[in-house]
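Heads up: the sequence shown is residues -22 to -1, 1 to 214, going by mature numbering (1 follows the signal peptide of the UniProt record, and there is no 0).
All C-beta atoms in this analysis are idealised placements derived from N, C-alpha and C, irrespective of residue type, glycine included.
Every value quoted in this text rests on a predicted model; they were computed, and no experiment measured them.
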Amino acid sequence: MIPLKLLFYIFVFSDFILKVSPFVPQGRLAHTSIHVGDKIYFFGGVHNSGVTSKEIFYLDVTRPFDTALPPWTELSIISPIPVESAWATVSTNIKNSTIYLIGGIPFKTIIHSYEIETHEWNNLPGITLVGRRNMQAVSNDSGKIYIFGGFVNSPSGLQFTNELTIIDINSLSLSIGSTMGAPLARMLYTATMLPNGIIVYIGGQGTDDADGDPYVDMSQINLYDTKKGAWSLKSK
């Protein structure tokens, strides 16, 4: 027979667990996300209070859920982002076991890696970038991460760039892609890696074109062939 006192503690503890509110992320902007396996992971951002976040959480998309109350799972209580993060980008390795957090505010030059299984944060050794933000990173099936453009903190000051930085995760090396036929310097675009190894860049804001418009014409689709190392332009 269970003692009455033990039953009381079990009841109180169970009642406490049942009343714990589910995690609901604060409103934010400038966060970044990536789909890995059956989950979408979210990193950082700026809350509507103006505070930069160190949060990491995910949404399991394998199960149906009420869109009015998504079943968020917070990972920040286990292992928060080592630094506050906003306007950054993320990528993953070919095994989908590690997520890399790149750039952002403040202008970080070190790439942070997040191990999905162990929830451990580390620095990617031997790789130092020029601090940048507002860019996108994509990866291919050979372990290379491609980071184009963004807003950089260079020795000559803050400016847009059209540099394509390539990081080889296998050899922990860094190289710069071809500039021949490269798009104008820009940030806030979209980058999509296609199955054939071509990266599609659309939109953005940056260097004025011939008409003095800082917004990139959506009909101008820039392509980078990762196998040939060459830029091309596709117009609608």
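- Query: Closest by CA to S75, which one among Y92, G5 and D146?
  - Reply: Y92
- Message: Under DSSP, the beta strand (DSSP E) around T168 begins and ends at which residues?
- Response: T168 to M171
- Query: Given Y202, which residues of its chain have a CB within under 6 Å of its CB, disregarding the five upstream and five downstream residues?
  - Reply: I177 and W209
- Item | CB contact flag (K122, I105, <7 Å) | no
- Message: Going by C-alpha to C-alpha distance, which of T45, T67 and G184 sits closest to P192?
- Response: G184
- Query: Sorted by chain position, which residues of the same chain lie with C-beta nearer than 6 Å to L107's C-beta, five sequence neighbours on each side aside?
  - Reply: T87
- Message: Check this for me: beta carbons of A115 and T67, under 7 Å apart or not?
- Response: yes
- Item | Endpoints, beta strand (DSSP E) assigned at W50 | W50 to E52
- Query: Expressed to the nearest angstrom, what Euclidean distance is found between the alpha-carbon atoms of K17 and I72?
  - Reply: 16 Å
- So G175 and T139 are in contact, right, with Cβ under 8 Å, and what is the actual spacing, rounded? About 23 Å; that fails the 8 Å criterion.
- Query: Which residues in the same chain have their Cβ closer than 6 Å to the Cβ of L(-19), if we skip the five residues on either side of it in sequence?
  - Reply: The predicted model places L(-19) with a pLDDT of 49, which falls under 50 and marks its position as unreliable, so this point remains unresolved.
- F35 vs F20 beta-carbon contact at 7 Å: yes
- Proximal residues to Y(-14) (C-beta, below 8 Å), its chain only, five neighbours per side dropped: Only weak support exists for where Y(-14) lies, its pLDDT of 44 falling under 50; the coordinates are left without a value.
- Query: For residue 215, which residues from the same chain have a beta carbon less than 7 Å from its beta carbon, with the 5 sequence-adjacent residues on both sides left out?
  - Reply: Any property of residue 215 remains undetermined from this structure, which presents the chain solely from -22 to 214.
- Can you tell me which of T70, P84 and R41 puts its alpha carbon nearest to the alpha carbon of G22? P84
- Query: Going by other Cβ atoms of all chains shown within 10 Å of its Cβ, with 16 needed for buried, is D195 buried or exposed?
  - Reply: exposed
- Query: With 16 other CB atoms within 10 Å as the buried threshold, where does K158 fall?
  - Reply: First, the residue type needs correcting, since residue 158 is Met and not Lys in the sequence shown. The residue in question, M158, is exposed, as its Cβ has fewer than 16 Cβ neighbours within 10 Å.
- Task: Helix, strand or coil for E93, going by three-state DSSP, please let me know.
- Result: strand
- Which class does S117 belong to by DSSP, given the choice of helix, strand or coil? strand
- Excluding the 5 residues preceding and the 5 following N200 in the sequence, name in chain order all residues of the same chain whose CB lies nearer than 7 Å to its CB. P161, Y179, W209 and L211
- Just mark V29 as buried or exposed, buried being the case when its beta carbon has 16 or more other beta carbons within 10 Å. exposed
- Task: Using beta-carbon positions only, say whether R110 and W65 come within less than 7 Å of one another.
- Result: no
- For I80 versus I94, is the C-beta distance shorter than 7 Å? no
- Are R41 and V24 close, meaning C-beta to C-beta below 7 Å? no
- Since I believe L102 is in contact with Y124 (beta carbons under 8 Å), could you give me their beta-carbon distance rounded to a whole number of angstroms? About 15 Å; that fails the 8 Å criterion.
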